[in-house]
Amino acid sequence: MRTDGTLSVNSMSDSDFAGLYQVDPLEDASSAKSRMGYIIELGGCPLVWKSRLISSICLATAEAEYYALSHCLRVLLSIRRVLEELTQLLEVPHEMRVTITSKAAEDNSAALILARDHRLTSRTRYYHTQAHHFWQHVDDGTVQIVPCETALMDADYLTKSKPREGHESNRMRVQGW
105 MRTDGTLSVN SMSDSDFAGL YQVDPLEDAS SAKSRMGYII ELGGCPLVWK SRLISSICLA
165 TAEAEYYALS HCLRVLLSIR RVLEELTQLL EVPHEMRVTI TSKAAEDNSA ALILARDHRL
225 TSRTRYYHTQ AHHFWQHVDD GTVQIVPCET ALMDADYLTK SKPREGHESN RMRVQGW
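Right, here's the structure in full:
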């Protein structure tokens with residue numbers, strides 16, 4: 105918790121679009137799948153991190169990034185609800201309650217626009233409605249979707265192999281060693 109009475113629950117999500125293509129045998133359907141990863145931090149400390157293949161084959165980088173963001177926000181919003189319920193169940197006095205803030209960083213501009221502005225185009229209309237579940241939380245200010253430079257995307261090393269220097273730099277930012 106910060107001295108201003110806020111507690112942050114922030115996230116970074118990333119994807120590697122069809123990262124196994126021409127690495128795995130072409131007959132294997134998973135070679136066309138994208139990998140997603142995310143990190144959720146509570147008060148600046150990593151709390152949850154995950155890396156896995158996206159179950160369906162994505163047709164664009166924006167789709168893979170958007171699915172990663174959607175899955176990440178599903179977990180982040182659950183954590184927020186648990187923290188809010190704990191505050192009520194423990195009967196924390198009103199003057200001691202904290203304000204929970206949340207930001208989700210996104211390094212793909214198309215996914216960022218779709219998440220913040222809900223702008224559907226002919227290319228994004230087919231995204232499953234299950235991926236749009238967080239729109240109401242963006243609209244009411246529960247979660248802010250903010251841009252992030254690709255070089256500073258902490259979840260990057262969960263989705264793809266990087267040169268040693270980049271991997272160690274990424275690991276240092278997230279894990280502190």
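Per my numbering, the sequence shown starts with residue 105, numbered consecutively. Glycine included, each C-beta is placed from N, C-alpha and C at the ideal position.
A straight line joining the alpha-carbon of residue 229 with that of residue 281 spans about 42 Å. Note that the region 110-122 touches the region 147-167; at least 3 beta-carbon pairs, one per stretch, sit closer than 8 Å.
Annotation note: the region 147-193 contains the following uninterrupted alpha helix (DSSP H) runs of length 4 or greater, listed N- to C-terminal: 165-193. In the DSSP assignment, residue 274 falls within the alpha helix (DSSP H) that extends over 268-279. Taking the CA atoms as reference points, residue 135 sits about 31 Å from residue 220.
Rounded to whole angstroms, the separation of the alpha carbons of residue 131 and residue 186 is 43 Å. Of the other Cβ atoms in all chains shown, 16 or more fall within 10 Å of the Cβ of residue 113; this residue is therefore buried. In this structure, the CA atom of residue 271 is about 11 Å from the CA atom of residue 255.
Taking all protein chains in view, the Cβ of residue 175 is crowded by 16 or more other Cβ atoms within 10 Å, so the residue is classified as buried. In this chain, residue 208 is not harboured by any alpha helix (DSSP H); it is covered by the beta strand (DSSP E) spanning 207-210. If you ignore the 5 residues before and after residue 238, its C-beta comes within less than 6 Å of the C-beta of 177, all in its own chain and listed in chain order.
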